[in-house]
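S.K.: Residue numbers (our numbering): 145 to 358. Each residue gets a CB set at the ideal place from its N, CA and C atoms; glycine is no exception. In this text, all values refer to a predicted model and were calculated from it rather than measured experimentally. Handing you this structure, nothing more for now.
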Amino acid sequence: MDLYEQYFEQYAEGFSFEPSGHITAQLFDIEIEIDVFEHNSPYAHREWAQVSLKKGDLTYNCRFCDRHVYQHGFYPVKIDGQQMILFSKTLYGFVLLNADTLVVEYEYFPKHVLASGEDFEESFIVCGVKQLGHILFFEGCYWACPDECFAFDYDKKLFLDLSRQYDVFPADEVVIQDDTIMICCTDKNLPPKEAVVSKQDLINDIIQYGTADF
């Protein structure tokens, strides 16, 4: 059982679920079907979805946890000439699915969210995606905490915390202009702050300071 499946089992354990909805969508020539299941009681709410992507005879199936995830949807990205679809199966981590073959090219899930009690560690939640070549920029936050931004180098499979690397905290937006990246704090309750870095300097920083996790 992979890390996400372990997380799903923890999420669903002890709850009974009933069908609550069916959603259809299309991306490129891929049909997307989502069947939603819910548990509602005075004490708890849980929700998960069975998701199917179909293209001709090809099919990719998975399960999503939590309404937040499929409301955010699927992000089309093109890396090294390959059209891909980026999505998250739960609040944490992400998947890059090849849009031509419906084969997973890369999947990341933070194992520390499987811990419980004092060992549990909150992880970054992806809420938006931007792209510059083979580098993806994730805008998001930690649960009930300030916003933050990360860069992900697809070629090297490394992450860089942009907020801390360039001293813009909390960073809530990445602006891309040609080969220049601006990391911004746009919170109206805080003094405006930004940092500007070139694509090449960012790549060098990822090589030097990047990590395999966020």
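Does the separation of the CB atoms of Glu292 and Pro314 fall below 8 Å?
M.R.: Here residue 292 corresponds to residue number 148 of the sequence shown, with the count starting at 1. Here residue 314 corresponds to residue number 170 of the sequence shown, with the count starting at 1. Yes. Within cutoff.
S.K.: Would you list the one or two residues that DSSP bridges to Ser307?
M.R.: On the sequence shown, position 163 is the one that residue 307 refers to. Answer by DSSP bridge pairing: none, since Ser307 is not bridged.
S.K.: To the nearest whole angstrom, what separates the beta carbons of Ala243 and Ile174, a pair I think is in contact under 8 Å?
M.R.: Reading the sequence shown from its first residue, position 99 is the one you call residue 243. Reading the sequence shown from its first residue, position 30 is the one you call residue 174. The Cβ separation is near 7 Å, so the contact holds.
S.K.: Ala259 lies in the beta strand (DSSP E); which residues open and close that run?
M.R.: For the purposes of this step, residue 259 is taken as the residue at position 115 of the sequence shown. No beta strand (DSSP E) holds Ala259; DSSP gives it neither H nor E.
S.K.: Please work out which residues of its chain come closer than 8 Å, Cβ to Cβ, to Thr203, disregarding the five sequence neighbours upstream and downstream, and give them in chain order.
M.R.: Counted from its first residue, the sequence shown places residue 203 at position 59. The residues are Ser196, Leu197 and Leu246.
S.K.: Roughly how many whole angstroms lie between the Cα atoms of Val248 and Trp192?
M.R.: For this step, residue 248 is matched to residue 104 along the sequence shown. For this step, residue 192 is matched to residue 48 along the sequence shown. If you take the alpha carbons of Val248 and Trp192, they lie about 21 Å apart.
S.K.: Which of the three DSSP states, helix, strand or coil, is assigned to Asn333?
M.R.: Locating residue 333 in the sequence shown gives position 189, where the first residue counts as 1. Three-state result, Asn333: coil.
S.K.: Roughly how many whole angstroms lie between the Cα atoms of Tyr148 and Ile351?
M.R.: As a first step, residue 148 must be located in the sequence shown, where it is residue number 4. As a first step, residue 351 must be located in the sequence shown, where it is residue number 207. The straight-line gap from Cα to Cα measures roughly 28 Å.
S.K.: Going by the CB atoms, is the gap between Phe231 and Phe358 shorter than 8 Å?
M.R.: Residue 358 sits at position 214 when you count from the first residue of the sequence shown. Residue 231 sits at position 87 when you count from the first residue of the sequence shown. Cβ distance not < 8 Å, so Phe358 and Phe231 don't count as in contact.
S.K.: Under a Cβ-count criterion, where at least 16 other Cβ atoms within 10 Å of its own Cβ denotes burial, should Lys233 be classed as buried or exposed?
M.R.: The residue you call residue 233 lines up with position 89 of the sequence shown. Buried.
S.K.: Using DSSP bridges, identify the partner residues of Asn205.
M.R.: As a position in the sequence shown, residue 205 is number 61, starting the count at 1. Partner(s): Ser196.
S.K.: Going by alpha carbons, who is nearest to Lys301 out of Asp201, Phe281 and Gln309?
M.R.: On the sequence shown, position 157 is the one that residue 301 refers to. The residue with the shortest Cα to Cα distance from Lys301 is Phe281.
S.K.: Sorted by chain position, which residues of the same chain lie with C-beta nearer than 7 Å to Glu153's C-beta, five sequence neighbours on each side aside?
M.R.: The residue given as residue 153 occupies position 9 in the sequence shown. Hits under 7 Å: none found.
S.K.: On a CA-only basis, which of Val340, Tyr219 and Lys332 is nearest Gln309? Give me that one, please.
M.R.: As a working mapping, residue 309 is identified with position 165 in the sequence shown. Per the Cα distances, Val340.
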